[in-house]
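Taken in order, the sequence shown gives residues 945 to 1031; the numbers are from our numbering. Written out below as structure tokens is the structure these notes cover.
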Amino acid sequence: MNLTSRDLLLIAGGAAAGALAVYALTRGAPAIKPLVTNAMASGLDIKEKVLGVVDHAKEHLEDFLAEAEQARKQTAGDAPAEESQTS
945 MNLTSRDLLL IAGGAAAGAL AVYALTRGAP AIKPLVTNAM ASGLDIKEKV LGVVDHAKEH
1005 LEDFLAEAEQ ARKQTAGDAP AEESQTS
């Protein structure tokens, strides 16, 4: 994995923002706590919805894969029979 200076700056910025948020929540911003709690609850709701959509898509892809494998096996099984009939 090749990290560029931009990647390192993004990581450092994210860590600094997280540290600042923890400091703000624990020190003197009690008015922010309910706001953050509501934002996190909304984030969890969105996460659950996204995971549901992903699971649904995964099921469809697995169905397509199974049908493709079945079609391939059927085609492979039909090909030798056709060759022996034409000879």
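Built from N, CA and C at the ideal position, the CB exists for glycine as well.
(message) Tell me which residue opens and which closes the alpha helix (DSSP H) that Ala960 is part of.
(response) Here residue 960 corresponds to residue number 16 of the sequence shown, with the count starting at 1. Its alpha helix (DSSP H) spans residues 949-971.
(request) Work out the CA separation of Gly996 and Thr981 for me, nearest whole Å. (result) Position 37 of the sequence shown, counting from 1, holds the residue named residue 981. Position 52 of the sequence shown, counting from 1, holds the residue named residue 996. Distance between the alpha carbons of Thr981 and Gly996: 23 Å.
(request) To the nearest angstrom, report how far apart Glu1003 and Ala985 are at their CA atoms. (result) Position 59 of the sequence shown, counted from the first residue, corresponds to residue 1003. Position 41 of the sequence shown, counted from the first residue, corresponds to residue 985. Cα to Cα, the separation comes out at about 27 Å.
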